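Taken in order, the sequence shown gives residues 63 to 143; the numbers are from the numbering used here.
Report on one structure; see the data block that follows.
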Amino acid sequence: MTKAQLFQYISEGREIEFEYKGKKYSITYSPSWDDDYISFCEFYQYTSDVKTPEELISVERDGVTVLEMIESLDEDKIWIY
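Given below as structure tokens:
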């Protein structure tokens, strides 16, 4: 998945799940009446909430950014809802 595709899915409010090095992650856009945010987490682990897709792609887990994870994956390891 490219950075542009990721940003498009986020802007559409889509939920993104993917598997990276045997771990499952999710990205969820959460609009609210006072402040929108994007949540990123490894399933059942710590969640990072950010305001923009630009902030999201810089979030790291195990020394790897979200963008590096997403760009390195085959399409069959990414699920868009």
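All C-beta atoms in this analysis are idealised placements derived from N, C-alpha and C, irrespective of residue type, glycine included.
Predicted, not measured: the structure shown is a model, and the values here were computed from it.
Problem set entry | Lys85: first and last residue of the uninterrupted beta strand (DSSP E) it sits in | Reading the sequence shown from its first residue, position 23 is the one you call residue 85. Boundaries of the beta strand (DSSP E) harbouring Lys85: 85-92, taken from the DSSP string.
Exercise. Comparing alpha-carbon positions, which option in Thr127, Ser101, Thr109, Ser134 lies nearest Arg76?
Worked result: Here residue 76 refers to the residue found at position 14 of the sequence shown. When each option's Cα is compared against that of Arg76, the closest is Ser101.
Exercise. Does DSSP classify Phe69 as helix, strand or coil?
Worked result: Here residue 69 is taken as the residue at index 7 of the sequence shown, counted from 1. Reduced to three states, the DSSP call for Phe69 is helix.
Problem set entry | Per DSSP, cross-strand counterpart(s) of Glu81 | As a working note, residue 81 is residue 19 in the sequence shown. Glu81 is bridged by DSSP to Lys86.
Problem set entry | Own chain, CB closer than 7 Å to Ile142, minus 5 neighbours either side, in chain order | Along the sequence shown, read from residue 1 onward, the residue named residue 142 stands at position 80. Leaving aside the five residues that flank Ile142 on each side, the residues in its chain whose CB is nearer than 7 Å to its CB run, in chain order, Tyr71, Arg76, Ile78.
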